[in-house]
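The structure under discussion appears below in the form of structure tokens.
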Amino acid sequence: MAAGPDKGKERTKPGFTETETFSGLGERPPAGEAKREARHHDGHRDRLRERFSEAGADALADYELLELILFRTIPRRDVKPIAKALIARFGSLNEVLGAPRRLLMEVPGVKDAVALDLTIVAAINRRAMREAVRKREVLSSWAAVLDYITAAMAHEPREQFRILFLDKKNALIADEVQGTGTVDHTPVYPREVVKRALELNATALILVHNHPSGDPTPSRADIDMTRTIQETAKPLGIALHDHIIIGRHGHASLRGLKLI
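Residues 4 to 263 (our numbering) make up the sequence shown, in order.
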């Protein structure tokens, strides 16, 4: 059989240079090269862990923090190109941790185990932030509330309507997702919202939903729905503190915009 035009040439994966061929994203290196690379990787891992241990997370770039996670799932390969590819693909560390597994696995070198580990880290982060909010008076911990609901909802591919139910001291009683809709609509039933508040003995509410488009600007429907809930809840002694709309890179407060 005649040799094709590529015979004798080193092949690399699209998007990677020849120097990255043996990083674990390209083809298997010769035995001697593999040993030298393994020693180099071990040294790099030790140095990166030492920097983190001595100077903390602020001393490391985002892709280096990702490397520390990837070390545990990928024990014998250079994970720096994978970490950099993840940041390049999604734009930031926050976006990487918010990405669904199926999209993470589109990045070269990211298999199911790696994608699962990243989503576990993201879930732990959200859980910790929720507990921080739960143990505080919500209105005096507004930054923590925003951090939590942004982490929980900013990367959802469909609209999600969430309610934070508060007691008379404005402490969090419950955080519940009331509905999930399409990319631009979630059905909300004001009577059901108020009914659930009464069941929980809540005296105040914070409404939250996301805009998967990324733009948190409230629509006319958002404003009308919010006012209907407010008018339904008020006679029953239930206050509506705010309705927050979460986008990928920001949020909008209907209270702050003086729309309620």
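Where a beta carbon is used, it is the ideal one built from N, C-alpha and C, also for glycine.
- Its Cα nearest to that of Glu109, the residue Ile85 stands out among Thr206, Thr183, Thr189 and Ile85.
- The count of Cβ pairs closer than 8 Å, one atom from the stretch 217-232 and one from the stretch 246-261, reaches three, so the stretches are in contact.
- Exclusion of the five residues before and after Val99 leaves Leu89 and Phe93 as the residues of its chain whose Cβ lies within less than 6 Å of its Cβ.
- In this structure, the CA atom of Val197 is about 38 Å from the CA atom of Leu96.
- For Val180, the enclosing beta strand (DSSP E) starts and ends at Leu175 to Thr183.
- The secondary-structure analysis by DSSP pairs Asp81 with nothing; it has no beta-bridge partner.
- Contact between Ala118 and Arg104 is confirmed by a C-beta separation of about 4 Å, below the 8 Å threshold.
- Membership of Gly101 in the alpha helix (DSSP H) is indicated by the continuous run Leu96 to Gly101.
- Contiguous alpha helix (DSSP H) elements confined to the stretch 222-248 occur at 223-236, taking only those with 4 or more residues.
- For a cut-off of 8 Å, the C-beta gap from Lys171 to Thr122 is around 37 Å, too long to register as a contact.
- Excluding residues up to 5 positions away in sequence, Met132, Arg133 and Val136 lie with their Cβ nearer than 6 Å to the Cβ of Tyr151 in the same chain.
- For the set Leu243, Pro238 and Leu239, the Cα lying nearest the Cα of Met228 is the one of Leu243.
- Around the beta carbon of Asn204, fewer than 16 other beta carbons lie within 10 angstroms, which makes this residue exposed.
- In the structure shown, Ser216 adopts coil according to DSSP, grouped into three states.
- In the DSSP assignment, Glu140 forms a beta bridge with Ala174.
- Where Ala255 is concerned, the enclosing beta strand (DSSP E) starts and stops at Gly253 to Ser256.
- In the DSSP assignment, the residues bridged to Leu167 are Asp178 and Ile209.
- For the 8 Å CB-CB criterion, Ile263 and Ile209 do not form a contact.
- Bridge pairing for Gly250: Gly253 [DSSP].
- In terms of Cβ geometry, Val141 and Leu175 form a close pair [threshold 8 Å].
- A straight-line Cα-Cα distance of about 7 Å links Glu67 and Lys83.
- The three-state secondary structure of Val196, taken from DSSP, is helix.
- Contact annotation: Arg165 and Val211 have beta-carbon atoms nearer than 8 Å.
- Nearest Cα to Gly184 within the set Pro193, Gln163, Asn173 and Leu167: Gln163.
- Within the same chain, Cβ atoms closer than 7 Å to the Cβ of Thr189 are found at Glu162, Gln163, Phe164, Gly182, Thr183 and His212, the five residues on either side in sequence being excluded.
- Taking all protein chains in view, the Cβ of Ala102 is crowded by 16 or more other Cβ atoms within 10 Å, so the residue is classified as buried.
- Scanning Leu149, His214 and Ile77 for the CA closest to the CA of His158 turns up His214.
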